[in-house]
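J.: Below is one structure. I have some questions about it.
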Amino acid sequence: MRQHLTLKQKTSIVKMHDKNPNWTRNALMLWATREFKLDKPPSKSDITRILQAKLRLQDLDTDDVQAVRKQIHPFTSSELETQLWSWFQDKENDGVALSGQLITMKAQSILETIGHGDQLKLSSGWLTGFKKRHNIREFVLHGESGDANHAAAKNVIPELTKLTKSYALRDIFNCDESGLPSNAQPSRSLATKPRAGRKQSKKRVSVLFTANADGSEKLPPFVIGSAVRPRCFNGKTPSEHGFTYRSNKKSWMTRSFFEDWLESLNDAMARENRKILLLLDNVSTHKNIKPLSNVVLHFLPVNTTSLLQPQDAGIIAATKKRHKAKLMQNAMVKSDAGIKNPYQCTMREGLEWLYEAWSEVTAHTISNCWKHVRFVSHYRPEELHVLPSTELNVA
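Residue numbers for the sequence shown follow the numbering used here, beginning at 12 and rising by one.
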């Protein structure tokens, strides 16, 4: 039968352990028995649990802790529940697409407003509980999928391994394009009943992401939009505001755009007296490029990008996750201000968030994505780490 101790007694055990870090569990058991005049000593597992709860116990003011209180009760706030549910209903009625991330952000904002910002952990379990209490489910508003050529990817790995051996990690690069909605609400929404979504905005940009194998160099995202001078740039082009930007009607990469970008990259490498390897997919806009002095192009087989490109192994996903978080934060502010379509933003805002998101992707994340493609011989298998879902989840 377990020996039940008060919070004050548990806090005293933690303090005694801090003063005598070499004490064994048995020594702490005997000290607690004598100090608190217990009928029997606490068990080793009791002591272990108390020490594991050290941080929470240290946060308590022992002078204010009731002598008979035995558990740390988690903070709960009916005020948070009431305000958050009211906000949720208002936004649902306004037709705003609501994600778990947006709800959690709003909950944190409410906690900080009512003075309890650090007293409740807004975990996935908390979010699940909130959804269950209010019968909130996820409803699909729109969707899409694709295949990869596993055989081709497997067959080309020996060739890539041999090729990359000739270059230092900092001189092996990969670039890949991805579409990025510049002004769109999520395709799914949490709601209490099925409902129609707003018409999805067709505004999008294409972005070329480029980084090297050790994560020490991330080239500025190359963005292709549809407007030469978006109105939000006050008559100037995005390039004049420091963004790497070109435009055409479809916001697509063209051979001309790509060739100009490559020549600029080649010039930069020539100035540094470096010769780099650039791995890229085998699409028409990348082909028939004249040979370059300091950039060697190597094309990957068709339909292998999700298996062989480090950008597709998680680098782009990590960037989009951060970009989406910034969009959500902005949407929450606009929603609270009563704006009916809080997901609407300007091209300038979108590009600023993109550049910020790209700068926040760490060298560790980038190098780990290179390890995942398994053809860079510089990395050993034991160095491979699984990226956490929090790093890659963009749903």
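The beta carbon of each residue, even a glycine, is placed where N, CA and C say it ideally should be.
(1) What would DSSP say about Val167, mapped onto helix, strand or coil?
(2) Taking all protein chains shown into account, do 16 or more other C-beta atoms lie within 10 angstroms of the C-beta of Ala78, making it buried, or fewer, making it exposed?
(3) Quick check on this structure: which residue in Ile287, His297, Asp292 has the alpha carbon closest to the alpha carbon of Asp9?
(4) Looking only at its chain, what residues have a beta carbon closer than 6 Å to the beta carbon of Trp364, apart from the 5 residues adjacent to it on each side?
(5) Distance check for Pro232 and Val218, CA to CA, integer angstroms please.
(6) Can you tell me which of the three DSSP states Gly154 falls into?
(7) If I'm right that Val306 touches Ile287 with Cβ under 8 Å, what's the distance once you round it to whole angstroms?
(8) Beta-carbon of Asp182 versus every beta-carbon of chain C: anything under 8 Å?
(9) Roughly how far, in whole angstroms, is the beta-carbon of Ala164 from the beta-carbon of Leu308, given that I think they are within contact range, below 8 Å?
(10) Could you tell me which whole alpha helix (DSSP H) segments of length 4 or greater appear in the segment 272–343?
(11) With DSSP as the reference, identify every bridge partner of Tyr256, one or two as the case may be.
(12) Under a three-way DSSP split, which group does Lys247 fall into?
(13) To the nearest angstrom, how far is the alpha carbon of Lys301 from that of Phe269?
(14) Assign Asn223 to one of three DSSP states: helix, strand, or coil.
(15) Quick one: Cα of Arg285 to Cα of Trp96, how far?
(16) Under 8 Å by Cβ, that's how I've got Thr172 and Phe310 pegged, so tell me the actual separation to the nearest angstrom.
(17) Taking the beta carbon of His161 as the centre, do at least 16 other beta carbons fall within 10 Å, making it buried, or is it exposed?
(18) For the candidate residues Phe47, Lys51, His28, whose alpha-carbon lies nearest to that of Thr59?
(19) Specify, as a first and last residue, the run of the beta strand (DSSP E) that Leu191 falls within.
(20) Between which two residues does the alpha helix (DSSP H) harbouring Leu122 extend?
(21) Please state whether DSSP places Arg385 in a helix, a strand or coil.
(22) Who are the near neighbours of Thr248 in its chain, counting only those whose CB is closer than 7 Å to its CB and skipping five residues on each side?
(23) Going along the chain, which residues of its own chain have a beta-carbon closer than 7 Å to the beta-carbon of Ser258, five neighbours each way excluded?
(24) Can you tell which of Met358, Met339, Pro32 has the C-alpha that lies nearest to the C-alpha of Val107?
(25) Within a Cβ cutoff of 6 Å, which residues of the same chain sit near Glu188, ignoring the five residues on either side of it in sequence?
(26) So, with DSSP's three-state summary, where would you put Ala56?
(27) Considering just the uninterrupted stretch of the alpha helix (DSSP H) at Val25, what are its terminal residues?
(28) Within the same chain, show all residues whose beta-carbon is closer than 8 Å to that of Glu228, passing over the 5 residues directly before and after it, in chain order.
(29) Please state the DSSP three-state secondary structure of Glu371.
T.: In short:
(1) Taking the first residue of the sequence shown as 1, we reach residue 167 at position 156. Helix at Val167.
(2) Looking up residue 78 in the sequence shown gives position 67. A caution first: Ala78 carries a pLDDT of 44, below 50, which makes its placement in the model unreliable, though a value can still be read off. Here Ala78 is exposed, its C-beta having fewer than 16 other C-beta atoms within 10 Å.
(3) Limits of the chain in this structure are 12 at one end and 406 at the other, which puts residue 9 out of reach.
(4) Residue 364 sits at position 353 when you count from the first residue of the sequence shown. Cβ within range, chain order: His334, Lys337.
(5) The sequence position of residue 218 within the sequence shown is 207, counting from 1. The sequence position of residue 232 within the sequence shown is 221, counting from 1. Roughly 6 Å between the two C-alpha positions.
(6) Taking the first residue of the sequence shown as 1, we reach residue 154 at position 143. The pLDDT assigned to Gly154 is 34, lower than 50, so where the model puts this residue is not dependable; a value taken from the coordinates is nonetheless given after this. Reduced to three states, the DSSP call for Gly154 is coil.
(7) In the sequence shown, counting from the first residue as 1, residue 306 sits at position 295. In the sequence shown, counting from the first residue as 1, residue 287 sits at position 276. Correct: roughly 6 Å between the Cβ atoms.
(8) Considering every chain present, this structure includes no chain C. It has just one protein chain.
(9) On the sequence shown, position 153 is the one that residue 164 refers to. On the sequence shown, position 297 is the one that residue 308 refers to. 19 Å between Cβ atoms; not a contact.
(10) 316–319
(11) As a working mapping, residue 256 is identified with position 245 in the sequence shown. Its beta-bridge partners are Val234.
(12) On the sequence shown, position 236 is the one that residue 247 refers to. Of the three classes helix, strand and coil, the one that applies to Lys247 here is coil, per DSSP.
(13) As a first step, residue 301 must be located in the sequence shown, where it is residue number 290. As a first step, residue 269 must be located in the sequence shown, where it is residue number 258. Using only the alpha carbons, I get a separation of about 12 Å.
(14) As a working mapping, residue 223 is identified with position 212 in the sequence shown. Three-state DSSP puts Asn223 in a strand.
(15) As a first step, residue 285 is located in the sequence shown; it is residue number 274 there, counting from the start. As a first step, residue 96 is located in the sequence shown; it is residue number 85 there, counting from the start. Taking the straight line joining both Cα atoms gives about 58 Å.
(16) Reading the sequence shown from its first residue, position 161 is the one you call residue 172. Reading the sequence shown from its first residue, position 299 is the one you call residue 310. Actually they do not touch by this definition, with Cβ atoms about 16 Å apart.
(17) Residue mapping note: residue 161 aligns to position 150 of the sequence shown, counting from 1. Burial call: exposed.
(18) Here residue 59 refers to the residue found at position 48 of the sequence shown. Out of Phe47, Lys51, His28, His28 has the C-alpha closest to the C-alpha of Thr59.
(19) Start at 1 with the first residue of the sequence shown, and residue 191 comes out as number 180. That run of the beta strand (DSSP E) goes 183–192.
(20) In the sequence shown, the residue the question calls residue 122 occupies position 111. That run of the alpha helix (DSSP H) goes 111–124.
(21) Locating residue 385 in the sequence shown gives position 374, where the first residue counts as 1. If DSSP states are grouped into helix, strand and coil, Arg385 belongs with coil.
(22) Here residue 248 is taken as the residue at index 237 of the sequence shown, counted from 1. Taken in chain order, the residues that qualify are Val239, Arg240, Tyr256.
(23) Counting from 1 along the sequence shown, the entry for residue 258 is found at position 247. For Ser258, where only same-chain residues beyond five positions count, the Cβ hits under 7 Å are Ile235, Gly236, Ser237, Ala238, Val239.
(24) Here the question's residue 107 lines up with position 96 in the sequence shown. Ranking Met358, Met339, Pro32 by Cα distance to Val107 puts Met339 first.
(25) Here residue 188 corresponds to residue number 177 of the sequence shown, with the count starting at 1. Answer for Glu188: Ser217, Leu219, Met264, listed in chain order.
(26) The residue given as residue 56 occupies position 45 in the sequence shown. In the sequence under discussion, the amino acid at residue 56 is Ser, which differs from the Ala named in the question. In the structure shown, Ser56 sits in a helix (DSSP, three-state: H, G or I).
(27) Residue mapping note: residue 25 aligns to position 14 of the sequence shown, counting from 1. Run containing Val25: 18–30, per the alpha helix (DSSP H) assignment.
(28) By 1-based counting over the sequence shown, the position of residue 228 is 217. Cβ neighbours of Glu228 beyond the five flanking positions: Arg181, Phe184, Ala222.
(29) Looking up residue 371 in the sequence shown gives position 360. Three-state result, Glu371: helix.
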